[in-house]
Structures are given as structure tokens and as C-alpha cells.
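Below is one structure, written out as C-alpha cells, with a few remarks after it.
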Amino acid sequence: MKQQTVYLISLGCAKNLVDSEHMLATLATEGYEFTTDPKEAHIIIVNTCAFITAAQEETIDTILELAELKKSGKCQHLVVTGCLAQRYAQDIATQMPEVDAVLGTGRLGDLPEVLRQLNSGNTIVCLGAPGGLLEGQRLLSTPPGMAYLKLAEGCHHHCTYCIIPELRGPLVSRPENSIVEEARALADQGVRELVLIAQDSASYGLDLYGKRRLPHLLRKLTAIDNLQWIRLLYLYPEHINADLLAVMTEETKICHYLDMPLQHISDRILRAMGRSSRQETLLKLLTQVRRTLPDAALRTTFIVGFPGETEVDFLELLHFVQEQKFDWVGAFAYSPQHGTPANNLPNQVPDKLKKERLHELLRCQRPISRERNRAWLGKKLPVLIEQSSSQGAIGRCFRQAPDVDGITYVRGEGLLPGQFQQVVIEQTTTYDLKGRIVSEPT
């Protein structure tokens with residue numbers, strides 16, 4: 004009998020993608036074959052996201068679209084895993100008869116066994132305590148030269164708008180030696196940039212060691228041969244301290260890039276969100292970061308339209324964005340989530356007003372990102388090449404995290420994915436850079 008072919012699509016964040024890579028590696032050891040064309044797959048797996056309403060809607064649309072292939076393609080079985088499965092396992096099983104199995108975030112390791120049971124005729128629901136996959140082999144799906152490295156699972160914060168603790172559980176850090184061992188293995192595979200991720204990377208180690216150990220871990224990771232970049236994502240501002248900034252200053256392999264979700268700047272809204280930061284402490288932090296790392300690229304995220312947000316609160320946020328001039332800003336309209344404290348707060352902001360405020364915030368940020376990019380015109384930057392063709396290549400410099408920021412277009416010959424090139428920046432746009440390798444004539 005011919006071995007079955009699997010198509011897996013990973014929705015949502017990079018942490019979800021790492022889970023998908025673990026699942027692919029497990030299936031590979033079981034002898035499954037893989038395809039990038041869902042029409043050719045016997046088994047389709049959707050690793051889902053449920054962070055906000057828009058993500059849930061995209062997930063459901065994806066499931067229903069792929070379910071059609073049970074009629075028109077080779078698909079025999081449709082499996083739903085991940086965050087949406089963790090939250091709505093029974094609803095999916097009863098309301099989506101096309102789905103053959105549902106696995107929550109804490110049961111992803113049971114995927115091979117579940118696949119062996121798919122011919123039972125009943126929908127399999129595999130649900131337990133929330134979690135994720137932290138250990139084991141991975142089949143990388145990222146561009147050559149880079150990989151994500153998950154430091155921990157779950158979260159110990161209690162933001163009033165967030166369902167992540169329900170979907171992923173409390174903070175569970177990986178042992179330091181395990182992380183370093185995986186990082187060495189990835190470097191041996193040709194990975195040159197490690198992107199460190201967790202729900203809050205700055206809290207790494209708090210549950211295991213009784214204190215936050217990210218600076219200590221970073222010093223061990225920078226000692227690994229062949230690694231050239233280490234990038235930090237998802238740093239709660241409350242835990243960015245002098246020790247972390249000192250490591251970033253001293254260790255040249257660490258990209259001068261900080262992704263710190265501030266969420267708002269109004270003290271009243273921050274309090275309602277359950278955030279421990281306040282405007283004064285955030286302003287002091289940003290001053291400290293810029294004094295310590297003057298060339299750092301700063302990314303943040305804001306939520307607009309949170310319950311009770313007044314016009315005064317929103318204008319305060321707009322003024323803050325204009326004054327601080329972040330390199331990159333992500334923003335979301337507040338999305339009510341059943342079961343969260345914020346869902347029951349009074350003074351919910353109308354959807355139309357939320358969308359207007361979101362549009363205004365992003366409109367305000369665009370010229371700032373354009374200005375921040377323009378500052379690099381004529382300068383030389385190392386760029387990690389990710390795609391290449393006869394016309395040139397696409398890559399990223401230290402200011403650009405994968406998938407969320409802009410990219411760098413590179414002109415030159417012999418550019419190979421996974422290699423670094425020195426690039427002179429010749430043009431800039433709102434989000435992207437364009438340049439030539441140093442050896443290319445002007």
C-alpha cells in the first residue's frame with residue numbers, strides 16, 4: 004500500500020509554526036510523505052490560531068475551504084490542531100462533520116497515533132491540559148539560514164483581553180541546556196539567524212530557576228560557532244532591564260532589535276488591560292534603550308478601541324506614537340474574547356469607531372517608518388539572503404524581523420539563500436530597503 008501523503012498548513016504566530024515543524028518531523032519518522040499542494044494530499048492538517056476574532060474567522064474559512072478537497076481532491080481525512088482546537092474542540096467536532104480529528108495544544112504529540120485511528124468512522128477528539136511542543140526534532144519550514152527557537156510555552160501574565168493562558172497554559176520554560184543543544188544542532192544544519200520566541204521571552208526561566216535568565220542564556224547562545232545573528236521577539240517591556248541591554252551591547256551577534264508589545268500608553272487603559280507598566284515607566288524604558296542602543300530598531304504593538312477608551316485616551320496614544328518614532332508598529336482593533344475579563348467591561352467601543360482609530364494610528368505611523376528607513380540611505384548593512392533569482396535577491400537586515408517587517412531587495416550576482424552579503428542601501432520606501440552588494444558596480 005502506498006504511503007499516505009500529508010499537507011500541513013500552519014496559521015497564526017511563529018510559536019505555532021514551531022509546533023508544526025515538530026509535528027512534521029514526527030510524521031516523517033513514521034514514513035509519511037509531504038506535499039505543498041493540498042489537492043495531492045491524502046491527509047490535511049490545519050494547525051490553527053485563535054488569538055483574535057479575525058484569526059478565528061480566517062482559521063474557520065481555511066478549514067471549510069480545505070474540507071472541499073474531500074469531495075474534489077485526494078483528501079481522505081481532515082485534522083484540526085492547535086489553539087482553535089483547544090478552545091472549541093467539541094464545537095468543531097459537532098458542527099464540522101468534515102473534520103475527522105481534533106487535537107488540542109497539549110496533545111500535539113499524539114498526532115501519529117491519532118492518524119492511525121482515522122479509519123474508525125468516528126470523529127476523534129484529543130483534548131487535555133493546554134500546552135505545546137518544546138522538545139524533539141523539527142522539520143524546518145523557514146527560509147534557508149534562519150529558524151525560530153522556542154524558549155518557553157504558556158504565559159504567567161493576566162492581561163484582561165487575552166486568552167493565551169487558556170490556550171497554552173502557564174509559563175513553562177525549557178531547560179537552558181536543551182535550548183543550547185538545539186541551537187547548536189540548528190547551527191550545524193546551516194542556520195545563521197536564530198529568532199528567539201515565547202509568549203514573553205524576557206520572562207524565560209522564571210518558573211524553572213526562580214528568576215529571569217534570558218541574559219544568561221544569551222551569553223551561552225552567542226558562544227555557538229557559525230551563528231551570526233540572534234534576534235529577540237516578544238519582550239514584555241516590564242522585564243527589559245539593564246542586564247538584558249548590557250548583553251545586547253556587549254555581544255555583537257545579538258541584533259539591535261527589540262520587539263516589545265506596549266499595547267497602550269494611557270495609564271487608565273493600561274490598568275484596565277491588566278498591564279503592570281505605566282506611561283512614566285515606559286517613557287523611562289524607551290529613553291534607557293535608546294541611550295544604550297542608539298541604533299536599535301524598535302517594534303511595538305498597540306490595541307485600539309479597548310473598552311472604555313475615550314477620544315482623549317486615543318489622542319494620547321497618537322501623540323505618543325508621533326513623539327517616539329518607532330521603526331515598526333503593529334496595531335489591532337480590540338477583539339472581544341468570551342471568557343476574558345475585558346469581555347464584561349462596560350463602555351465597549353463601537354466597531355466602526357475601532358476601525359477608524361486603527362486606520363488613523365496606522366496612517367500616523369507610515370511616514371515615521373518611511374523616515375526611519377530613509378536614515379539608512381547610502382549606508383552599508385549585512386543582509387541575510389532568503390530568496391534569489393537571476394534578477395537579484397530578497398533578504399533582511401538587522402532591522403527586519405521575518406514576516407512582520409519590511410524586506411531588503413538586493414542587486415548582484417551569485418547571491419545564494421542562507422548567506423550574508425554586505426549591501427549598500429540605494430533606495431528606501433515606507434517598509435522596504437533596496438541596494439546592491441558591495442562588489443556590484445553603482
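If you count the sequence shown from 1, you need to add 3 to reach my numbering.
For each residue, glycine too, the CB sits at the ideal point set by N, CA and C.
(message) Classify histidine 322: buried if its beta carbon has 16 or more other beta carbons within 10 angstroms, exposed otherwise.
(response) One-based indexing of the sequence shown puts residue 322 at position 319. Histidine 322 should be labelled exposed.
task: Taking lysine 287 as the reference, give the member of Arg195, Ala245 and Arg302 with the closest Cα.
output: Counted from its first residue, the sequence shown places residue 287 at position 284. Of Arg195, Ala245 and Arg302, the residue nearest in Cα terms is Ala245.
(message) Here's the rule I'm using: 16 or more other beta-carbon atoms within 10 Å means buried, otherwise exposed. How should glutamine 89 be labelled?
(response) Your numbering for residue 89 matches position 86 in the sequence shown. Glutamine 89 comes out buried.
In the DSSP assignment, find the beta strand (DSSP E) that holds isoleucine 47 and state where it starts and stops. Along the sequence shown, one-based indexing puts residue 47 at 44. Start and end: 46-51.
Who are the Cβ neighbours of threonine 163 in its own chain at under 8 Å, not counting the five residues just before and after it?
For the purposes of this step, residue 163 is taken as the residue at position 160 of the sequence shown. Correct list, in chain order: Ala275, Met276, Gly277, Thr343, Pro344, Ala345 and Leu348.
**Request:** Give me the Cα-Cα distance between glycine 139 and valine 250, rounded to the nearest whole angstrom.
**Result:** Residue 139 sits at position 136 when you count from the first residue of the sequence shown. Residue 250 sits at position 247 when you count from the first residue of the sequence shown. Whole-angstrom Cα-Cα distance: 29 Å.
Query - Between the CA atoms of arginine 271 and glutamine 325 - distance to the nearest angstrom - result: Residue mapping note: residue 325 aligns to position 322 of the sequence shown, counting from 1. Residue mapping note: residue 271 aligns to position 268 of the sequence shown, counting from 1. Going by the C-alpha atoms only, they are around 20 Å apart.
Item checked: Reference serine 392, options Cys400, Glu374, Val413 and Asp408, closest by Cα -> As a first step, residue 392 must be located in the sequence shown, where it is residue number 389. The candidate whose alpha carbon is nearest that of serine 392 is Val413.
- Item | Coarse secondary structure for glycine 333, derived from DSSP in three states | Position 330 of the sequence shown, counted from the start, is the residue given in the question as residue 333. Looking at glycine 333 - three-state DSSP - the assignment turns out to be strand.
**OP:** Give the DSSP bridge partners of tryptophan 232, in chain order.
**Re:** Working through the sequence shown from its first residue, we reach residue 232 at position 229. BP columns for tryptophan 232 point to Glu196.
* Asked: Closest by CA to alanine 336, which one among Glu169, Glu179, Pro385 and Glu363?
  -> If you number the sequence shown from 1, residue 336 lands on position 333. Out of Glu169, Glu179, Pro385 and Glu363, Glu363 has the C-alpha closest to the C-alpha of alanine 336.
### Query
Once you ignore the five residues that flank glutamine 351 on each side, which residues in its own chain have a CB closer than 6 Å to its CB?
On the sequence shown, position 348 is the one that residue 351 refers to. Answer for glutamine 351: Pro310, listed in chain order.
Exercise. What are the partner residues of phenylalanine 37, as DSSP defines its beta bridges?
Worked result: Mapped onto the sequence shown, residue 37 falls at position 34. Val9, per the DSSP bridge assignment.
- Quick one: Cα of glutamine 368 to Cα of glutamate 116, how far? One-based indexing of the sequence shown puts residue 368 at position 365. One-based indexing of the sequence shown puts residue 116 at position 113. One C-alpha to the other measures close to 48 Å.
- Message: Output needed for glycine 395: all residues of its chain with C-beta closer than 6 Å, excluding positions within five of it in sequence on either side, in chain order.
- Response: Position 392 of the sequence shown holds residue 395. Result list for glycine 395: Val413 and Arg414, in chain order.
Query raised in the report: Alpha carbon to alpha carbon, how far is alanine 205 from glutamine 79?
Result: Translated into positions along the sequence shown, residue 205 becomes position 202. Translated into positions along the sequence shown, residue 79 becomes position 76. For alanine 205 and glutamine 79, the distance between alpha carbons rounds to 43 Å.
Is it buried or exposed for lysine 153, if we count other Cβ within 10 angstroms and need 16 for buried?
Position 150 of the sequence shown, counting from 1, holds the residue named residue 153. So lysine 153 ends up on the buried side.
- Task: Determine the DSSP secondary structure at leucine 365, reduced to helix, strand or coil.
- Result: For the purposes of this step, residue 365 is identified with residue 362 of the sequence shown, where counting begins at 1. Three-state DSSP puts leucine 365 in a helix.
| task | Leaving aside the five residues before and after leucine 285 along the sequence, list all residues of the same chain whose C-beta is less than 8 Å from its C-beta, in chain order. | result | Residue 285 sits at position 282 when you count from the first residue of the sequence shown. Counting only Cβ-Cβ distances below 8 Å, and skipping sequence neighbours, we find Pro240, Leu265 and Ile268.
* Asked: Using DSSP with H/G/I as helix, E/B as strand and the rest coil, what is isoleucine 410?
  -> In the sequence shown, the residue the question calls residue 410 occupies position 407. Coil at isoleucine 410, not helix or strand.
- CB-CB under 8 Å to aspartate 2, same chain, minus the five flanking residues each way: which ones, in chain order? Past the boundaries of the shown model lies residue 2; the chain is included only from 4 to 445, so the question cannot be answered.
Inset, instruction - Could you tell me which residues DSSP puts in a beta bridge with lysine 437? - result: Along the sequence shown, read from residue 1 onward, the residue named residue 437 stands at position 434. Per DSSP, Tyr412 and Gln430.
Helix, strand or coil: how does DSSP classify glutamate 254 here?
Numbered from its first residue, the sequence shown carries residue 254 at position 251. It is coil, neither helix nor strand.
Review point. Of the choices Tyr237, Tyr10 and Tyr212, whose alpha-carbon is the least far from that of leucine 23?
Key: Sequence index remark: in the sequence shown, residue 23 carries index 20 (1-based). According to the sequence provided, residue 23 is serine. The question's leucine does not apply to it. Among Tyr237, Tyr10 and Tyr212, the Cα nearest to that of serine 23 belongs to Tyr10.
Limits of the unbroken beta strand (DSSP E) element including glutamine 390:
As a working note, residue 390 is residue 387 in the sequence shown. 383-392 is the span of the beta strand (DSSP E), which, as asked, contains glutamine 390.
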